[in-house]
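2 protein chains.
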Amino acid sequence: MVTVKLNQETYFIEEKSQLSGVKRVANMVRADLGLIFGRQPIWQSLDAITTDSEKTAIFAATIGQSAYLDDLLNRKMITASEIENKREVYQFQVIQDPWPSVKRALIIVGSDKRGTIYGLFHLSELLGVSPFVNWSDLKPKPETEVTLTDKDNFVSREPSVKYRGFFINDEWPAFGNWAKIHFGGANAACYAQLFEVLLRLKGNYLWPAMWKDNFSLDGPGLKSAALADELGVVMSTSHHEPCMRSGEEYTLVRGKNSPYGDAWDFQTNRDGIIRFWKDGLKRNAKFENVITLGMRGERDTAIMKNATMAENIALLKDVLKVQNELIKQEVNSKLSEVARQIVMFNEVESFFYGDDTTPGLIASKELDGVTIMYSDNNLGYMRTLPSKAIQNHRGGFGMYYHMDMHGGPTSFEWIGSTSVPRIWDQMSTAYDYGVQEIWIANVGDLATNELSLSYFLDMAYDMDHYGSKYPNNTEIYIQNWLKQQFGNHFTSNDLSLIQKVIDDYMLLLERRKHEVMGSDTYHPVHFGESDTVLSKCQEIMQICQDLRKRCPAAALTGFVGLVYYPAVATANLMQTWIYAGKNQFYAQQNRVIANDYGNKVRLGIQRDHEIIADYHQIGEHKFDGFGLSEHFGFRQWSANNNQYPLVYDVTPANLPRMIVSSVTASDYSLGEAWTNQNLVITDFMRPDVTKAYLDIACGSRDSIAYEIINQTPWLHFSRYFGEVQKQVTIEITFDRKNAPLVGESSFQVKSGEAVVDVKLPFRNGLFDYPSQTFIETNDYLAIPATAYVSAIATDEAKFVVLEPYGKFGSGVKVFPQTIDFMAIKERPELNYHFAIEQVGQYELTLHFAPTLPVSQDNHAYIQVGLNENSLQLVDTVLDSNQPFYNSPQWAIEGTNDEKQCQIKVNCRAGLNLLRYIQISPNLILERITLVRLGSQLPQSYLGPTASYKLL
Amino acid sequence: MVTVKLNQETYFIEEKSQLSGVKRVANMVRADLGLIFGRQPIWQSLDAITTDSEKTAIFAATIGQSAYLDDLLNRKMITASEIENKREVYQFQVIQDPWPSVKRALIIVGSDKRGTIYGLFHLSELLGVSPFVNWSDLKPKPETEVTLTDKDNFVSREPSVKYRGFFINDEWPAFGNWAKIHFGGANAACYAQLFEVLLRLKGNYLWPAMWKDNFSLDGPGLKSAALADELGVVMSTSHHEPCMRSGEEYTLVRGKNSPYGDAWDFQTNRDGIIRFWKDGLKRNAKFENVITLGMRGERDTAIMKNATMAENIALLKDVLKVQNELIKQEVNSKLSEVARQIVMFNEVESFFYGDDTTPGLIASKELDGVTIMYSDNNLGYMRTLPSKAIQNHRGGFGMYYHMDMHGGPTSFEWIGSTSVPRIWDQMSTAYDYGVQEIWIANVGDLATNELSLSYFLDMAYDMDHYGSKYPNNTEIYIQNWLKQQFGNHFTSNDLSLIQKVIDDYMLLLERRKHEVMGSDTYHPVHFGESDTVLSKCQEIMQICQDLRKRCPAAALTGFVGLVYYPAVATANLMQTWIYAGKNQFYAQQNRVIANDYGNKVRLGIQRDHEIIADYHQIGEHKFDGFGLSEHFGFRQWSANNNQYPLVYDVTPANLPRMIVSSVTASDYSLGEAWTNQNLVITDFMRPDVTKAYLDIACGSRDSIAYEIINQTPWLHFSRYFGEVQKQVTIEITFDRKNAPLVGESSFQVKSGEAVVDVKLPFRNGLFDYPSQTFIETNDYLAIPATAYVSAIATDEAKFVVLEPYGKFGSGVKVFPQTIDFMAIKERPELNYHFAIEQVGQYELTLHFAPTLPVSQDNHAYIQVGLNENSLQLVDTVLDSNQPFYNSPQWAIEGTNDEKQCQIKVNCRAGLNLLRYIQISPNLILERITLVRLGSQLPQSYLGPTASYKLL
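This is the structure:
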């Protein structure tokens, strides 16, 4: 067994021929080791080493680039057969006596430059250094010595996806200010930080910021591009910036006397545009790039307004032809050797497919060897994916994936809100459809998207472990990720708490993004959904405060940046909106307590500012700037015209006023004879409910005295009388043991002359139905999709439960993900049992994740059947004639994070069997509700909680 | 010429036989004279007088009741032939040497007791004493001496309506508290005040308060009833209290062992109820009464729930028969000599008419000789009126008229809101239909209804001067009334100001009652209607403050009670709601100025309390209690659940935000490229408009700097640049002389990167249409009903312009008011001219006063014709199958004080002729609007201002 010890004495072997990029990375790893052992390893040339058995040498080299390595291989000190001729692979090995003067060494061999770099960072990772050590200022745990043995030897895999990276997008105000404060701009020093994060996460690909910044000019000059190339970072430009020139560059060089002309128009300024592209290609040809092809309008707009499909396609074909020609001239005459991409973002997708009369770009020979980049719906759900017909396209497919958006249906640029289960589901689907060449995530400012990006890049790196064969891997992933970041600093119990906080705040965001949260999102009282969310927010904030108190200084900046800030800021925002909902709702009823909620809203807005200020100052202003994006009350896709919650101020009534209601219902009574003295509380219709809650609120200047008059022996009240200045909540306990089977109880609430008659219909459970049957209460049923009584699989496919997942916490989806069952007779099926009281027509609502149809024919079918009735085929796409993307359905479902599909069904009295079949791919059913026609389910965002289910 | 001088020496001749009521009134007049001359005239018996030529004697007597008078008549010192055998008539005459010891005397002779009383008060009035001298504490002007001559001799008329009076109703909290504070309750001392006001206003009839009070018990005992009888005040009970017993009396005497039984039910407790009635009749038989017949349910509810028409009518017939029988037994065996009434309030009206299968009470012999009391729609508009078929009904007809309501569509119990033009129109209509026996006005607490009640009683007294032959008499009436109250205290200029204030605040109320005013009544910006109302409110308040400063102490209490309080409190309430509308409207747009409006709302609510407190303390708490009724934000007909305006609090945006809009439009622009940079101001499409107004508002924490970029030579701006912290209004002047005939101008408003492009389409007037033609602008036309180009009269009838009148200031109505033109070929007609640009379909809306059909067949027809098209017959009743009263139409029209009737018409390009014909009686057209189909008129309460009209 070989043993090497790493400590203050460890040194790095320097070789003159070492690639400068590898050396740069080695220096980063040296710094990491310095943080651990208190002293950075020194560089030593092999010649200068005198025998010293106690010191361990670290030697990193790339096959074909190192005489020392060749020597070792020649001497069979090591072999490299496992990595030779592979892409981005490394071998990590401890050996004895590699050279006479070196007794013990750690040898890191890369199959190529990036292989060596990943191998170097493997050491840091092994020693407990977070990839975000510098980005988030997360100090590793100091050690005196670490011992490595044969057991630590490791040969890495070839990455699943060829180009894996991120896009710094919409960089103002957040990233832009951060860069300005810390580096004076988005220059090479700034990009050095990003490259490091990218490489530590085993990415290799980057689209630079381009809203107002120019990567190839701001280095200064080409400094950033040269650095990227040195470090093995493959650069490109964003989806609408062809030929390695950023969009803003044209603004800088255009003009009446400019050689580039003065119009971003390939028709009227063909020569100028060609010259502009040619010079860009020439300038960046010496670096490793993926070159963007195609053309859009200026500043990410449609290329031609009011043109036909045929005109657009013809123009684009011409553009592509010219661009390929330019690449041959300026980059490489063997075009097939040049990595190129075209991105089907926005309207470009339709040109790719064409229409009935005009063939799309899809079959154009200009795209031969070009990677076709698909994209998501702006919110992390796939748009179309490669059809079987084009699976063999040379150049393969890529994915441009949004974790940040400046556009519809809503912008989200503040705090990362893309959950890892969503990424797993949709990116594994994409991969299964052949999207394996390029994965790029738009991460906005990157800050607060670290977890999602880590997961995205880890998936891209290793689909053998993160692919569709491994559902529900995200919880363990987060657990490991947190161990990586904070394992040295928090107890395992606290790590669990952090994970809970992350799960919880990401669930809040999975339900509704910050920007589109509103006072009317969650209903203030129905089904208690606001209170449920509110207590979740408060729990998040409380846990975070507690954790922060326990957080060691070495991790504080990282904890605030990666956990505390995004979680607390999210919880505070959600809480503020819920308070606003309650303020406005109670104000309409003239409850004086509305004003207390109004003050909570004001405090919430103030707290939002404080939370951001805290984030900006932590770690000596480490993150200063990153919190600057607007995030309250978007009233269109952009922040323009956004609005903080309006606070409604109530003037109390002059005359004493009691307002009585169920805590979870909108109707209320003042107990006034002229109007309404009646109130019905239906909670006890559900056989497992024994508590209900009554609000007695004051609506007047003067407090009110109330009295509860009850003569029902099985009803008990937490209070029977009192004085109410604002509001009191009375707990009503229903003693089921002493109550009849079915009936209606009642009591009265009196205050002065006001009398409210409260009726409580109730029902005790004695149902002769099979186990797992859901029981209708108050004319509705709510059934989680995972609560099926039986699942029928086929030889080919089966339903898989995804959990945690989506808006409602879980869902069901058929795997393999690529099968369309339309032409297949055998189909997996789920069965549900529910019982209703009376025969009748019901509205059945299927609640899905807001996925899109993945095929261009624009259908997403399911089948539903009730009892012995034949199955009903239903298209969940409302209007197949218009592209789904940018349709009203796209906007509504994306905003609500929910696709709803309504079907009328006839139910019989008693037990019913509901059959559910998924026909089209990429549909995830989350829950099922049934409401008796004619009944009105109280308005809510999450719907009723799951119905009573027999054990 | 006979001359008598009134001064401190004047005395009253006392006669033993003088009626005690007359003597009481004489004492009131003595007190009046005391206020004027500084000393009350003494009583002297004729025997005790020694010759004294300088002293004037006042002698008041009733024919048949005075030996002194008989002696004078015998000696032909006076003759009384003009008044003999007349009802309530007096002769007022100065004579010389009536008796040896009396050289000069004023002789007041009454044809009966009330005649003498009215004659006595005639003296007070002649001396400038207001009828409200004591009620409102309005001191007359002190004089040393007043000379009366033959010219002052006067013989009064016989009143037009036999019973004229008011009903103190819904006495709590206002009147009830006032009575308690000042008299310890609604006892005889309290009623003495009301009787005095009634008699000074030449009324003779009263329904006492009965919500919680009992007139015949609380005197104490019969003291109030006895006093009424003594003073010649005819008493009754309200519409639903038969046989001289108040409703609450039954509550006091009912019980298990009570002789009256324990159920207000003529079927199950027939004997008890009969006994209850019998005892009431017996008790009050000795007084002059009008006895109410019929029966309703307890506390003014329907008599039988869920009973058929036939059952109800049968029951009521039985009731009437029994009641008549009891009256014969207890009051007068000659039933025809007993004044009796039955009131058709609420559902009773339908029993009166019956239905297809059941004849109504209308022809029942039990009603022979009984006055049939009709009633209004609760808001001062007639319901059905006597048809021709029953005009000869013995007992005649009466009217129960509401100037106060506790019921639907809204309660109004605070400040009097019934305008005198409305009273004239509707009561003169009723009179013309034969309603001439009883007029009673529900005046609520009386306070603040003084002017309306004065007018009502003056009409009832003298329909030869206030009848339908004299339209538009109300302005001169108010002028005289104000002279009567304040003539001694204010200059004539100030009196005009007072009249203006009264006209203005009554117009506010004519448009919308206090209780149903809301933040959404007037649109905050459209057509500038809120600003127009707002400046009216501010003008009212300013004038009232100024007048109050100039008001002499002797009139201050009266001025506050009759003018200042109702006007200022009304203006403040209306203003507060308009501020609330602006607060909420601007808050939605995130204008920071919304918060200023919010504070104005808060101040308005506080000011409301202060205004009432001031009213309550003035004149040593003279009116204390009268301001207590709720009056803000009724959300159902009653005050329960009413609500002060909600104030919306805006949090300014973080980033600089400019908000640009036309001052009178809802749409606005932030000048932001992603969203909307355009704004259109259409004001200059109207050829007489040369000014338009632009709001530049700040929506952000930081102020904004703006700049106006204008290159149009005929546009001028009041400011071209500036800094805006809240809001600035820019005046745009359009220099028509230098502008082309038609076109579109434009300018820009810039702030930072924001640019708003403002377009101003315009049109100069060069129209080749006849004079008085209205010109369409922006797809609509608004034409006042009085702006006809020609009016066609018939031999029988013609249109009359009513002005001031109604919601829009004027209207047109056909007179005589009783003609139904359905069967008449010759019809009066009005013609209007208007011009439109393009041929097209328009929605024509006729805006009427919210009158009801007066005949039971429930139609209200008009005819409309356009150009040569045939006339279209339109029923303004939306659903003739349900009774109009209590229908949705009744509620909406009553609340909005407007009946709208929509008709689609085809207009031709150019000049159009609109013909309007009123078919059914009691319809008052106020204005006409036309809107091009497909165009949307901005939402508003008053509609657009009148369109451009050619001179």
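Protein chains in written order, with this note's numbering: chain A, 21 to 971; chain B, 21 to 971. Don't be surprised by glycine CBs; every beta carbon is placed ideally from N, CA and C.
Kindly give me the distance between the Cβ atoms of residue 180 of chain A and residue 480 of chain A, rounded to whole angstroms, as I take these residues to be in contact under 8 Å.
What you label residue 180 of chain A is simply residue 160 of the first sequence in a count that begins at 1. What you label residue 480 of chain A is simply residue 460 of the first sequence in a count that begins at 1. Indeed they touch by this definition, with Cβ atoms about 6 Å apart.
Can you look up residue 663 of chain B in the DSSP assignment and give me helix, strand or coil?
Walking along the second sequence from the start, residue 663 of chain B turns up at place 643. Residue 663 of chain B falls in the coil class under three-state DSSP.
Which of the three DSSP states, helix, strand or coil, is assigned to residue 57 of chain B?
Sequence index remark: in the second sequence, residue 57 of chain B carries index 37 (1-based). Of the three classes helix, strand and coil, the one that applies to residue 57 of chain B here is helix, per DSSP.
Could you tell me how far apart the beta carbons of residue 347 of chain B and residue 311 of chain B are, in whole angstroms, since I believe they sit closer than 8 Å?
By 1-based counting over the second sequence, the position of residue 347 of chain B is 327. By 1-based counting over the second sequence, the position of residue 311 of chain B is 291. Residue 347 of chain B to residue 311 of chain B, Cβ: 6 Å. Contact.
With a CB to CB cut of under 7 Å and the five nearest residues on each side skipped, what residues in its chain are close to residue 552 of chain A?
If you number the first sequence from 1, residue 552 of chain A lands on position 532. Hits under 7 Å: none found.
For residue 724 of chain B, which three-state DSSP category applies?
The count along the second sequence starts at 1 and reaches residue 724 of chain B at position 704. Of the three classes helix, strand and coil, the one that applies to residue 724 of chain B here is strand, per DSSP.
When the cut-off is 8 Å and only beta carbons count, does residue 669 of chain B lie next to chain A?
Within the second sequence, residue 669 of chain B is the residue found at index 649, counting from 1. Taking Cβ atoms only, chain A reaches closer than 8 Å to residue 669 of chain B, which makes this a yes.
What separation, rounded to the nearest whole angstrom, lies between the Cα atoms of residue 300 of chain B and residue 660 of chain B?
Along the second sequence, read from residue 1 onward, the residue named residue 300 of chain B stands at position 280. Along the second sequence, read from residue 1 onward, the residue named residue 660 of chain B stands at position 640. Taking the straight line from one Cα to the other gives about 35 Å.
Please go through the same chain and pick out, in chain order, the residues whose beta-carbon is closer than 6 Å to the beta-carbon of residue 698 of chain B, but skip the five residues on each side of it.
Numbered from 1 along the second sequence, position 678 holds the residue referred to as residue 698 of chain B. Result list for residue 698 of chain B: 777, in chain order.
Spatial neighbours of residue 193 of chain A within its chain, please: C-beta separation below 8 Å, excluding the five flanking residues on both sides.
The count along the first sequence starts at 1 and reaches residue 193 of chain A at position 173. Taken in chain order, the residues that qualify are 645, 648, 649.
Kindly indicate which residue of B:592, B:64, B:74 has the alpha-carbon position closest to the one of residue 25 of chain B.
Along the second sequence, one-based indexing puts residue 25 of chain B at 5. Nearest C-alpha to residue 25 of chain B: B:74.
Return helix, strand or coil for residue 18 of chain A, following the three-state DSSP convention.
Nothing can be reported for residue 18 of chain A: it is not among the residues displayed for chain A, which extend from 21 to 971.
Let me see if you follow: with CB-CB separation under 8 Å, is residue 694 of chain B close to chain A or not?
Along the second sequence, read from residue 1 onward, the residue named residue 694 of chain B stands at position 674. By this cut-off, residue 694 of chain B is an interface position.
Just checking: is the beta-carbon of residue 656 of chain B within a distance shorter than 8 Å of some beta-carbon in chain A?
Walking along the second sequence from the start, residue 656 of chain B turns up at place 636. At least one chain A Cβ lies under 8 Å of residue 656 of chain B.
DSSP state of residue 586 of chain A, grouped into three classes?
Here residue 586 of chain A refers to the residue found at position 566 of the first sequence. Residue state, collapsed to three classes: helix.
Tell me, which residues are paired with residue 396 of chain B by DSSP?
To locate residue 396 of chain B, count along the second sequence from 1; it is residue 376. DSSP output for residue 396 of chain B lists B:402 as bridge partner(s).
Candidates A:512, A:547, A:772, A:69: which alpha carbon is nearest residue 798 of chain A's?
Taking the first residue of the first sequence as position 1, residue 798 of chain A is located at position 778. Nearest of A:512, A:547, A:772, A:69 to residue 798 of chain A, Cα basis: A:547.
Ignoring anything shorter than 3 residues, give me the beta strand (DSSP E) runs that lie fully in the stretch 435 to 520 of chain B, in order along the chain.
Listed in chain order, the complete beta strand (DSSP E) runs (minimum 3 residues) inside the stretch 435 to 520 of chain B are 458 to 464.
Against chain B, does residue 560 of chain A count as a neighbour if the rule is that its beta carbon must be under 8 Å from one of theirs?
Against the first sequence, residue 560 of chain A aligns to sequence position 540. Not an interface residue.
Whose Cβ in chain B lies nearer than 8 Å to the Cβ of residue 674 of chain A?
Translated into the one-based positions of the first sequence, residue 674 of chain A becomes position 654. Result: 650.
Do the stretch 271 to 285 of chain A and the stretch 245 to 258 of chain A make contact, defined as three or more Cβ pairs closer than 8 Å?
Flag = no, the stretch 271 to 285 of chain A and the stretch 245 to 258 of chain A do not touch.
Look at the Cβ atom of residue 244 of chain B, then the Cβ atom of residue 207 of chain B, and state whether they are nearer than 8 Å.
Here residue 244 of chain B corresponds to residue number 224 of the second sequence, with the count starting at 1. Here residue 207 of chain B corresponds to residue number 187 of the second sequence, with the count starting at 1. Taking 8 Å as the Cβ cut-off, residue 244 of chain B and residue 207 of chain B qualify as a contacting pair.
For residue 935 of chain A and residue 402 of chain A, I'd like the C-alpha separation in whole angstroms.
Stepping through the first sequence from its first residue, residue 935 of chain A is reached at position 915. Stepping through the first sequence from its first residue, residue 402 of chain A is reached at position 382. Their backbone Cα atoms lie some 27 Å apart in a straight line.
Only counting the same chain, and skipping five residues up and downstream in sequence, which positions put a Cβ closer than 8 Å to that of residue 899 of chain A?
Counted from its first residue, the first sequence places residue 899 of chain A at position 879. Excluding positions up to five away in sequence, the list reads 907, 909.
Who are residue 863 of chain B's beta bridge partners in DSSP?
By one-based count along the second sequence, residue 863 of chain B stands at place 843. The partner list for residue 863 of chain B (beta bridge, DSSP) reads B:924, B:951.
What residues of chain A sit near residue 625 of chain B, judged by a beta carbon separation below 7 Å?
By one-based count along the second sequence, residue 625 of chain B stands at place 605. Neighbours of residue 625 of chain B on chain A, chain order: 671.
DSSP three-state call for residue 935 of chain A: helix, strand or coil?
Here residue 935 of chain A refers to the residue found at position 915 when the first sequence is read from its first residue. Of the three classes helix, strand and coil, the one that applies to residue 935 of chain A here is strand, per DSSP.
Closer than 7 Å, Cβ to any Cβ of chain B: which residues of the stretch 754 to 784 of chain A, in chain order?
Of all residues in the stretch 754 to 784 of chain A, none has a Cβ within less than 7 Å of some Cβ in chain B.
Output yes or no for whether 8 Å exceeds the beta carbon distance between residue 944 of chain B and residue 868 of chain B.
As a working mapping, residue 944 of chain B is identified with position 924 in the second sequence. As a working mapping, residue 868 of chain B is identified with position 848 in the second sequence. Yes. Within cutoff.
Report buried or exposed for residue 554 of chain A, applying the criterion of at least 16 other Cβ atoms within 10 angstroms of its Cβ.
For the purposes of this step, residue 554 of chain A is taken as residue 534 along the first sequence, with counting starting at 1. It counts as buried.
Identify every residue that forms a DSSP beta bridge with residue 751 of chain B.
Locating residue 751 of chain B in the second sequence gives position 731, where the first residue counts as 1. DSSP lists B:713 as partners of residue 751 of chain B.
What distance in whole Å lies between the Cβ atoms of residue 734 of chain A and residue 708 of chain A, which are believed to be in contact at a cut-off of 8 Å?
Taking the first sequence and counting its residues from 1, the one referred to as residue 708 of chain A is at position 688. Taking the first sequence and counting its residues from 1, the one referred to as residue 734 of chain A is at position 714. Their Cβ separation, rounded to whole angstroms, is 16 Å, which puts residue 708 of chain A and residue 734 of chain A out of contact at 8 Å.
Would you say residue 635 of chain B reaches chain A, if we count a Cβ-Cβ gap shorter than 8 Å as a contact?
Taking the first residue of the second sequence as 1, we reach residue 635 of chain B at position 615. Not closer than 8 Å to any Cβ of chain A, the Cβ of residue 635 of chain B fails to qualify, so no.
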